[in-house]
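Data block below; observations after.
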Amino acid sequence: MKVCHLTSVHRHCDVRIFYKECVTLVAAGYEVFLIELNTKTEEKDGVKIISVHYPIQSRFKRMTVGVWKIYKEALKINAGIYHFHDPELMWAGWLLKRKGKKVVYDVHEDLTLQIYTKPYLPEFLKGMFSFMYSLIESFFVRKFEALITAEDLNAERLKKKNSKVISLNNYPEIKEAITSVVEKKSALCYAGGITEMRGINEMIESLRVAKTELILAGEFSPSSLSEKYLKPADNFISYRGYVSRDEVKKIYDQSIAGLLLLHPTKNYLRSMPIKMFEYMEAGLPIIASNFPLWKKIFEQYGCVIWVNPFDINEIAEAIVLLKENENLRNEMGQKARKAVIENFNWNAESKKLIQLYQSFK
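Residue numbers (my numbering): -12 to 348.
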């Protein structure tokens, strides 16, 4: 059976979309297509990737003309199942459903809460946008064959709107849980989206106090933040920019610990952080925000030092503790990797995805 994944926002070969879901479906015997916007047309790991090219001049044009072009390309494939990954594709999914296609919406995050973290939206309008989006979402998600979420809390929310909802957690693949032995620097790391809500200010200030290097990778949002934070801290930050998946792994291999200092926004307090699993996969001890949900899930494994994400001195003390105690680092890193192998790996999640697709036959 042909299946077609659609994304207008995610990068080429996104880890969840491509490496986990699409590659899993190829291994299960499906003919898999992936339509992306402005990336690269190629066949990789058995997945036929089709890039739809459209010069994006604004979010509005991407969400209208860009999505329309993706929809038209999707129709040409004539797949049995269409599986899309971005909220702005809901109306395209609805049009595919009206053509008699089976449609799955992969709801990566709860946008009703994520809206509050968008730096480009005026604060006084965020509540209104969240409410308006919830109405639009409620209309569309009832139309689709199934919904997939990346976390259980979002799944429970959506079950009120669609009876067929499964949660596929962003756990790493077991084969990825083997870390190569390389010489580590006395540096901490963070690789991902770089925003003030994700703690870039607290990372830099705590590392300044701890007199420790930070290996930083990812894109600043908004881009103007790079000038604000990098220039004053260039003597202890090694900034790599946006890097490939393989380069991220090298950064983790070189580091002694990972930072995860998200601010306690509504969205982050309820979310399962992919970054936590990435650090655990790499066998890194973690310094993380002391959110109740995170502590409930991860505290039992003994691989995280919990801190108030706004307390610079507390974060700095945790950094120094790990920097000066190699035995503690090794012990926490081993516990992290053991937890991934035994409890947080993609193998079990992949079976749920295949079972969902098989239910459509």
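Each residue gets a CB set at the ideal place from its N, CA and C atoms; glycine is no exception.
Pair within 7 Å by beta-carbon distance, L155 and L145
Not in contact: L155 and L145 (Cβ atoms no closer than 7 Å).
Let's see if you can read the secondary structure: which residues bound the alpha helix (DSSP H) around I202?
Counting along the chain, no alpha helix (DSSP H) covers I202; the unbroken beta strand (DSSP E) around it starts and ends at 200 to 204.
Proximity test, Cβ basis, 7 Å: E30 and chain C:
Among the chains of the structure shown, chain C does not appear; only one protein chain is present.
On the three-state DSSP scale, how would you describe A164?
In this prediction, A164 has a pLDDT of 48, which is less than 50 and means its spatial position is unreliable; what the coordinates show is noted afterwards. The DSSP-derived three-state label of A164 is helix.
Buried or exposed, going by whether 16 or more other CB atoms sit within 10 Å of the CB of H40?
With fewer than 16 Cβ atoms within 10 Å of its Cβ, H40 is classed as exposed.
Option nearest W281 by Cα separation, candidates A305, D298, L256
For W281, the nearest C-alpha among the options comes from L256.
Validate contact between the stretch 175 to 195 and the stretch 290 to 310 using beta carbons, cut 8 Å, 3 pairs
Proximity of the stretch 175 to 195 to the stretch 290 to 310 meets the contact definition, three or more beta-carbon pairs being nearer than 8 Å.
For S154, list the residues DSSP reports as bridge partners.
In the DSSP assignment, S154 is bridged to T136.
Coil, strand or helix - C(-9) by DSSP
Correct three-state label for C(-9): strand.
L175 and L201 closer than 7 Å at C-beta
Yes. Within cutoff.
For a test of the three-state rule: what should DSSP assign to V90, helix, strand or coil?
The answer is strand: DSSP assigns V90 an E or B state.
F223 - DSSP class collapsed to helix/strand/coil
In the structure shown, F223 falls within a coil segment according to DSSP collapsed to helix, strand and coil.
Of all the beta strand (DSSP E) runs that stay within the bounds of the stretch 254 to 279, which reach a length of 3 or more residues?
Whole beta strand (DSSP E) segments, 3+ residues: 273 to 276.
Nonlocal neighbours in the same chain, by C-beta distance under 6 Å from L24, ignoring five residues either side:
Short of 6 Å from the beta carbon of L24, and not among the five residues preceding or following it, lie these beta carbons of its own chain, in chain order: S(-5), V39, G53.
For H72 and W81, the rounded distance between their alpha carbons
Near 13 Å, if we compare the C-alpha coordinates of H72 and W81.
Is it the case that the Cβ atoms of V(-10) and P159 are separated by a distance below 7 Å?
No; because the gap between Cβ atoms is not below 7 Å, this pair is not in contact.
So, P74 versus L98, is the Cβ gap smaller than 7 Å?
In terms of Cβ geometry, P74 and L98 form a close pair [threshold 7 Å].
Determine the DSSP secondary structure at E183, reduced to helix, strand or coil.
It is coil, neither helix nor strand.
Examine the Cβ distances between the stretch 264 to 276 and the stretch 217 to 227 and report whether three or more of them are shorter than 8 Å.
Segments in contact, no.
Quick one: is S258 buried, meaning 16 or more other Cβ sit within 10 Å of its Cβ, or exposed?
Its Cβ being crowded by 16 or more others within 10 Å, S258 is buried.
Would you decide whether L340 is buried or exposed? Buried here means 16 or more other CB atoms lie within 10 Å of its CB.
With a threshold of 16 other beta carbon atoms within 10 Å, L340 meets it and is buried.
E329 by DSSP, collapsed to three states: which one?
Judged by DSSP in its simplified three-state form, E329 adopts helix.
Identify the residues that DSSP records as bridge partners of G245: which are they?
The partner list for G245 (beta bridge, DSSP) reads C176, I273.
In whole angstroms, what is the alpha-carbon distance linking H250 and R49?
Going by the C-alpha atoms only, they are around 29 Å apart.
May I ask you to report which of helix, strand or coil DSSP gives L21?
In the structure shown, L21 sits in a strand (DSSP, three-state: E or B).
Is the number of C-beta pairs between the stretch 12 to 21 and the stretch 88 to 104 that are closer than 8 Å three or more?
No: the two stretches stay apart, fewer than three of their Cβ pairs being nearer than 8 Å.
Buried or exposed: where does E336 fall if 16 or more other Cβ atoms within 10 Å of its Cβ makes it buried?
Its Cβ being crowded by 16 or more others within 10 Å, E336 is buried.
Who are the Cβ neighbours of P106 in its own chain at under 8 Å, not counting the five residues just before and after it?
Taking C-beta separations shorter than 8 Å and ignoring five residues to either side along the sequence, the partners of P106 in its chain run T182, E183, M184, S208, P209, following chain order.
From F118 to K325, what distance separates their C-alpha atoms?
One C-alpha to the other measures close to 42 Å.
Which residues in the same chain have their Cβ closer than 8 Å to the Cβ of F331, if we skip the five residues on either side of it in sequence?
Around F331: N156, Y158, P159, F264, M267.
In chain order, what residues of the same chain have a beta carbon less than 8 Å from the beta carbon of G67, not counting five sequence neighbours either side?
Taking G67 as the centre and dropping the five residues before and after it, the same chain places the C-beta of M(-12), K(-11), V(-10), K88, K89, F347 closer than 8 Å to its C-beta, in chain order.
Report yes if the C-beta distance between E189 and L248 is below 7 Å; otherwise report no.
Closer than 7 Å, so yes.
Checking the sheet assignment: what are the DSSP bridge partners for Y69?
Its beta-bridge partners are C(-9), V90.
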